[in-house]
Every structure is written in structure tokens, then in C-alpha cells.
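Q: With the sequence shown counted from 1, adding 16 to any position gets you the working numbering.
Even glycine gets a Cβ: it sits at the ideal position worked out from N, Cα and C.
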Amino acid sequence: MLYLYEINKSMKPLIHLNYPINKDILLLESDKARENAKPWEGGNDYKIEEWLVSYNPKSDYISKIMRELNIVGKPRFFYMKPNFTLKPHKDFGTECAVNILLSDETVPINIEGIDYHYSQALINLQKEHSVVNDNKERIILKFSIPDISFEQVASEINYAVPS
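#1: Given this structure, state the Cα-to-Cα distance separating K25 from R92, to the nearest angstrom.
#2: Using the Cα positions of D40 and V123, report the straight-line distance between them to the nearest angstrom.
#3: Taking 8 Å as the cut-off, decide whether the C-beta atoms of V169 and I87 are in contact.
#4: Can you find at least 3 beta carbon pairs, one from the segment 103 to 120 and one from the segment 61 to 79, that sit closer than 8 Å?
#5: Could you check where the beta strand (DSSP E) with Q136 kicks off and where it finishes?
#6: Cβ of L43 within 8 Å of Cβ of L118?
#7: Could you name the residues that DSSP lists as bridge partners for P29?
#8: So the beta strand (DSSP E) I127 belongs to, where does it begin and stop?
#9: For H145, which residues from the same chain have a beta carbon less than 6 Å from its beta carbon, with the 5 sequence-adjacent residues on both sides left out?
#10: Suppose the cutoff is 8 Å on Cβ atoms and the five residues either side in sequence are ignored; what does the same chain contact list for L30 look like?
#11: Got a sec? Which residues, its chain only, sit under 6 Å from K54 by beta carbon, not counting five neighbours each side?
#12: Provide the residue(s) that pair with Y175 in DSSP beta bridges, ordered along the chain.
#13: Near Y62, what residues of its chain come up, given a Cβ to Cβ distance below 8 Å and the 5 sequence neighbours on each side ignored?
#14: Between the Cα of K74 and those of S46, N99, P98 and F94, spot the shortest distance and give me the residue it belongs to.
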């Protein structure tokens, strides 16, 4: 166990991926999913109107991405409105996620005080993170992984970019 602790202690909270995404297909899927998007909701009727989510979009292409990345996750599209700040938080019910940025702008995700720019990445969502969006909408395909640790997914995922 000490060995695993040492690995976890030194591991970065974001691993870049280089999966060959067909962005045009995903943007079309995103447009379809937007029709069902709703404000993100937390406990106690807490809603964020500037951060919309569409849960469980179904498509052969999305299933293929998960299979080829070697992940089991819950796909969803997120739409962050311009000039919105997602305050520092840790995700509840999601250990980690693969995020694929579909919009052209690449504002960074801040994880524990460090900015990370990415186009696609495995992210440890049990570390405090936030996003300050610019003046354009930010669209993400997120594969939420609820019950497998970041470290385990990192050791098994395909298309990871060596750091």
C-alpha cells in the first residue's frame, strides 16, 4: 500500500489523451443533445443556469470512443455559457472523467491552483478544480467515471500521452 500511496502522491491530476476524435460528428451529436439540456443541479434544489448538461446521449460513435479508450463511463454533454465561472469544487459521485473539448476556445481548468490547457484529458475530479470561461460558449463531451479511481483508470486507459 505504501507504494500505491507514493504513486498517487506524485501523479498529476490531468493526463492528456490523443484519441483521433471526429469533432464534426461529436458537434452534430452535441447539437442533438442540446435539445434535452437542462441546468446542472446539485442538492437542495441548487441549479446553475449558466452550465447546462444533457445526460446519456446515445450513439454508436460515443460507444466506440469509450470502447477504444478502454473506459466505462456515463457520457454527457456540458454547455458552459460565456463569461461564467465554475467555482472551485470536488465532484460528488464522479471519481474521474475523460473530457473532450469540442469548442474552439481552450480556457484552462484550474486544479489545486494550477492551470491546465487540454483538448482531451483524463481528469481527477476528486481534486479541487474550477473553470473561468471566456466570452465564448464552452462545449465538452464528458465521460463521468463514478466508481473507479483516477489512478486505476490512468493505468488502463488507451491513448494517454506520456508526460
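A: According to the structure shown:
#1: A caution first: K25 carries a pLDDT of 44, below 50, which makes its placement in the model unreliable, though a value can still be read off. The alpha-carbon atoms of K25 and R92 are separated by roughly 29 Å.
#2: One C-alpha to the other measures close to 20 Å.
#3: Remark: C-beta atoms of V169 and I87 approach each other more closely than 8 Å.
#4: Short answer: they don't touch.
#5: Note, Q136: beta strand (DSSP E), Q136 to N140.
#6: Judged by their CB atoms, L43 and L118 are nearer to each other than the 8 Å cut-off.
#7: In DSSP, P29 forms no bridge with anything.
#8: Note, I127: beta strand (DSSP E), I125 to I127.
#9: Result list for H145: I125 and I127, in chain order.
#10: Excluding the 5 residues flanking it on each side, L30 has same chain C-beta neighbours closer than 8 Å at I125, I127, Y132, Y134, A137, L138, I139 and N140, in chain order.
#11: The answer is none, since no qualifying residue turns up.
#12: As far as DSSP is concerned, Y175 takes part in no beta bridge.
#13: Exclusion of the five residues before and after Y62 leaves no residue of its chain whose Cβ lies closer than 8 Å to its Cβ.
#14: Nearest option by C-alpha distance: S46.
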